[in-house]
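Novice: Structure incoming, see below.
In this note's numbering, the protein residues as written are 3 to 283.
Shown next, in the form of structure tokens:
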């Protein structure tokens, strides 16, 4: 990829997108542990790509507010190249010189093409809540649930939507030339998913000192009642616009309801009687 005025932003976005995709796959597997055990590496890679597809779409929408219209096609093409290069870098520790960049390029190119086919039809502003926006995220969440093998699972679709939506402030910050992606608290940890035809999963990186809990969810039990609360890191809340806070509040209220119900079913089961005092959802 040659030098462009947007090279630094494209590299930062590529790192962020891979980090979000990898972390999101982990979150999905934790929300459906039994199904996660049945996943093959190709299935996990497909799940990873679903998050990359929606990330390309979200970045395209947000970039419209920060990149001149005449530069947008070139910017998105450059981002596609940056993601390809970054993914090759991530996979190299496991595969060495055996990583086929042309195969990665074809895979990412196919993901971008499918992203356009799936999501460009929905017309909405990323900063506003709208029927079209909700419909797109519903389609995305449905595809994630299907890729995980639990079609229509409401907990998975909601969690997938939350993961994708939570990246919007970080994407915006990069395009504004502000904070780098690591400030979002997302560690760059590639998923264990491997590319089709690749036999070994990439080894995750384990950076230290750069992980921050931005959102916490706590469930407590009092008698026969379960209370589930959530909160934001104060600095993270300050960085959000009013519209982003409203959107995140709506999503987290849904997540807290799902987690609270799940925690209640576990907390009041015979096997977990000893956990009735308090615990994390």
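Where a beta carbon is used, it is the ideal one built from N, C-alpha and C, also for glycine.
Predicted model only: the values in this text are computed from it and were never measured.
Across the region 140 to 151 and the region 52 to 62, are there enough close Cβ pairs to call them in contact, namely three or more that are closer than 8 angstroms?
Specialist: At 8 angstroms Cβ cutoff, the stretches touch.
Novice: Which word fits residue 137, buried or exposed, when buried means at least 16 other C-beta atoms lie within 10 angstroms of its C-beta?
Specialist: Residue mapping note: residue 137 aligns to position 135 of the chain shown, counting from 1. By the 10 Å Cβ count, residue 137 comes out exposed.
Novice: Nearest by alpha-carbon distance to residue 233: which of 140, 218 and 244 is it?
Specialist: For this step, residue 233 is matched to residue 231 along the chain shown. Nearest option by C-alpha distance: 218.
Novice: Is the beta carbon of residue 150 less than 8 angstroms from the beta carbon of residue 34?
Specialist: Position 148 of the chain shown, counted from the start, is the residue given in the question as residue 150. Position 32 of the chain shown, counted from the start, is the residue given in the question as residue 34. Yes.
Novice: Quick test of your reading: residue 60 and residue 163, contact by CB under 8 angstroms. State the CB separation rounded to the nearest angstrom.
Specialist: For the purposes of this step, residue 60 is taken as residue 58 along the chain shown, with counting starting at 1. For the purposes of this step, residue 163 is taken as residue 161 along the chain shown, with counting starting at 1. Not confirmed; about 12 angstroms, so no contact.
Novice: In this structure, what does DSSP give as the bridge partners for residue 170?
Specialist: Stepping through the chain shown from its first residue, residue 170 is reached at position 168. DSSP lists no partner for residue 170.
Novice: Give the straight-line distance between the Cα atoms of residue 51 and residue 104, rounded to the nearest whole angstrom.
Specialist: Sequence index remark: in the chain shown, residue 51 carries index 49 (1-based). Sequence index remark: in the chain shown, residue 104 carries index 102 (1-based). Cα-Cα distance, rounded: 17 angstroms.
Novice: In its own chain, which residues sit with a C-beta less than 8 angstroms from the C-beta of residue 347, not counting the 5 before and 5 after it?
Specialist: Outside the displayed range of the chain (3 to 283) lies residue 347, so it cannot be described from this structure.
Novice: I'd like the list of long-range same chain contacts for residue 135, defined as Cβ closer than 6 angstroms, with 5 residues on each side in sequence excluded.
Specialist: Locating residue 135 in the chain shown gives position 133, counting from the first residue. Closer than 6 angstroms at Cβ, skipping near neighbours: 126.
Novice: For residue 65 versus residue 242, is the C-beta distance shorter than 8 angstroms?
Specialist: Counting from 1 along the chain shown, the entry for residue 65 is found at position 63. Counting from 1 along the chain shown, the entry for residue 242 is found at position 240. Not a contact, by the Cβ cut-off of 8 angstroms.
Novice: Go ahead and pull the three-state DSSP assignment for residue 144.
Specialist: To locate residue 144, count along the chain shown from 1; it is residue 142. Reduced to three states, the DSSP call for residue 144 is helix.
Novice: Roughly how many angstroms lie between the CA atoms of residue 26 and residue 263, to the nearest whole one?
Specialist: Here residue 26 refers to the residue found at position 24 when the chain shown is read from its first residue. Here residue 263 refers to the residue found at position 261 when the chain shown is read from its first residue. Cα to Cα, the separation comes out at about 21 angstroms.
Novice: For residue 75, is the classification buried or exposed, using 16 other Cβ atoms within 10 angstroms of its Cβ as the cut-off for buried?
Specialist: Numbered from its first residue, the chain shown carries residue 75 at position 73. It is exposed - the Cβ of residue 75 has fewer than 16 other Cβ atoms within 10 Å.
Novice: Can you grab the Cα-Cα spacing for the pair residue 86 / residue 18, in whole Å?
Specialist: Taking the first residue of the chain shown as position 1, residue 86 is located at position 84. Taking the first residue of the chain shown as position 1, residue 18 is located at position 16. Answer to the nearest angstrom: the Cα atoms are 13 angstroms apart.
Novice: Please return the same chain residues whose Cβ sits closer than 8 angstroms to the Cβ of residue 154, not counting the five positions on each side in sequence.
Specialist: Numbered from 1 along the chain shown, position 152 holds the residue referred to as residue 154. So the list reads 144 and 147, once near-sequence residues are dropped.
Novice: Buried or exposed, going by whether 16 or more other CB atoms sit within 10 Å of the CB of residue 10?
Specialist: Start at 1 with the first residue of the chain shown, and residue 10 comes out as number 8. Its Cβ having fewer than 16 others within 10 Å, residue 10 is exposed.
Novice: Excluding the five sequence neighbours on either side, which residues of its own chain have a C-beta within less than 6 angstroms of the C-beta of residue 63, listed in chain order?
Specialist: For the purposes of this step, residue 63 is taken as residue 61 along the chain shown, with counting starting at 1. Correct list, in chain order: 128.
Novice: Write down the C-beta distance between residue 106 and residue 89 rounded to the nearest angstrom, noting that I regard them as a contact closer than 8 angstroms.
Specialist: For this step, residue 106 is matched to residue 104 along the chain shown. For this step, residue 89 is matched to residue 87 along the chain shown. Contact holds; Cβ gap of about 5 angstroms.
Novice: Are residue 80 and residue 124 closer than 8 angstroms when you measure CB to CB?
Specialist: Start at 1 with the first residue of the chain shown, and residue 80 comes out as number 78. Start at 1 with the first residue of the chain shown, and residue 124 comes out as number 122. Not a contact, by the Cβ cut-off of 8 angstroms.
Novice: Which residue from 14, 157, 256 and 247 puts its Cα closest to that of residue 83?
Specialist: Indexing the chain shown from 1 puts residue 83 at position 81. Measuring from the Cα of residue 83, the nearest candidate turns out to be 14.
Novice: Per the DSSP calculation, residue 234 is bridged to which residue(s)?
Specialist: For the purposes of this step, residue 234 is taken as residue 232 along the chain shown, with counting starting at 1. Looking at the DSSP assignment, residue 234 forms a beta bridge with 217.
Novice: Which residue's Cα is closest to the Cα of residue 165: 67, 12 and 24?
Specialist: Position 163 of the chain shown holds residue 165. Of 67, 12 and 24, the residue nearest in Cα terms is 24.
Novice: Considering only C-alpha positions, which residue in the set 258, 43 and 94 is nearest to residue 228?
Specialist: Indexing the chain shown from 1 puts residue 228 at position 226. For residue 228, the nearest C-alpha among the options comes from 258.
Novice: Consult DSSP for residue 243 and reduce its assignment to one of helix, strand or coil.
Specialist: For the purposes of this step, residue 243 is identified with residue 241 of the chain shown, where counting begins at 1. Looking at residue 243 - three-state DSSP - the assignment turns out to be coil, as it is neither helix nor strand.
Novice: By DSSP, does residue 226 sit in helix, in strand, or in coil?
Specialist: The sequence position of residue 226 within the chain shown is 224, counting from 1. Note: residue 226 maps to coil in three-state DSSP.
Novice: Exposed or buried, residue 251, counting other C-beta atoms within 10 Å across all chains shown (16 or more means buried)?
Specialist: Locating residue 251 in the chain shown gives position 249, where the first residue counts as 1. Exposed: under 16 other Cβ atoms inside 10 Å.
Novice: Just the C-alpha distance for residue 68 and residue 171, rounded to the nearest angstrom, thanks.
Specialist: The residue you call residue 68 lines up with position 66 of the chain shown. The residue you call residue 171 lines up with position 169 of the chain shown. So the alpha carbons of these two residues sit roughly 13 angstroms apart.
Novice: Which class does residue 66 belong to by DSSP, given the choice of helix, strand or coil?
Specialist: The sequence position of residue 66 within the chain shown is 64, counting from 1. Coil.
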